[in-house]
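In numbering that gives the first Met the number 0, the protein residues as written are 0 to 144.
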Amino acid sequence: MSAYLVSESKVIAADPQRLFDIVADPSMHVAMDGSGTLQAPRGEVPERLAKGATFGMDMKMGAPYKITNTVVEFEEGKQIAWRHFNGHVWRYTFEAVDGATLVTEQWDARPAKNRIFLRLSGFPGRNRKGIIATLQRLDELVTAE
């Protein structure tokens with residue numbers, strides 16, 4: 000691990016494909032977001048993400064702002080990741096384990112353009128808390144069905 004890679008995992012009692020399908024649906028991102036920064040999908044978003052797809056989100060961290068993401072990694076049922084203009088990546092991996100799924104979420108700022116600013120501004124710690132809460136919300140989404 001580095002100061003620019005935050006990674007948390009949770010075993011969730013659900014099929015990997017079901018969990019992947021939730022994360023690959025940008026309309027579900029607000030429901031699963033544990034950080035409180037995602038407000039709503041912005042503009043026309045694809046029903047399902049795929050490599051190269053772009054999608055916008057209305058965000059709020061103190062003040063409202065808008066972000067456009069591009070899917071940069073995609074392996075059906077196993078891994079999906081997107082990045083925006085600054086270059087840092089949000090990644091999810093899904094691994095079947097004993098009738099459940101080990102879901103790992105990562106915030107990878109290693110390729111970011113201003114990673115020192117991100118670290119000094121406390122983003123690694125803030126994002127770790129958000130990731131832990133997001134994994135819990137993802138668990139609640141599938142177990143509530």
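Built from N, CA and C at the ideal position, the CB exists for glycine as well.
As DSSP reads the structure, G55 sits in a beta bridge with R41 and T67.
Here the alpha carbon of E104 sits roughly 16 Å from the alpha carbon of G35. The beta carbon of Q38 sits closer than 8 Å to the beta carbons of V29, M56, D57, M58, K59 and P63 from its chain, once the five residues preceding and following it are set aside; these are given in chain order. Sequence-distant partners of R82 (beyond 5 residues in either direction) whose C-beta falls short of 8 Å from its own C-beta, in its chain, are N68, T69, V71, V88, W89 and P110. Pairing G33 with I130 gives a Cβ-Cβ distance under 9 Å. DSSP places F19 within a helical segment (H, G or I) once states are collapsed to three.
Going by DSSP, T142 is part of the alpha helix (DSSP H) stretching over F122 to T142. Assigned with DSSP and collapsed to three states, R90 falls in strand. Distance from the Cα of E7 is smallest, within the candidate group V44, L119, L117 and F93, for F93.
Within the same chain, and ignoring the five residues on either side of A12 in sequence, the residues whose Cβ sits closer than 6 Å to its Cβ are A99. With a beta-carbon spacing of about 7 Å, V102 and L137 fall inside the 8 Å limit used to define contacts. Under the three-state reduction of DSSP, A12 is assigned to coil, being neither helix nor strand. Within the same chain, Cβ atoms closer than 6 Å to the Cβ of K50 are found at V70 and F73, the five residues on either side in sequence being excluded.
For S6, the three-state secondary structure derived from DSSP is strand.
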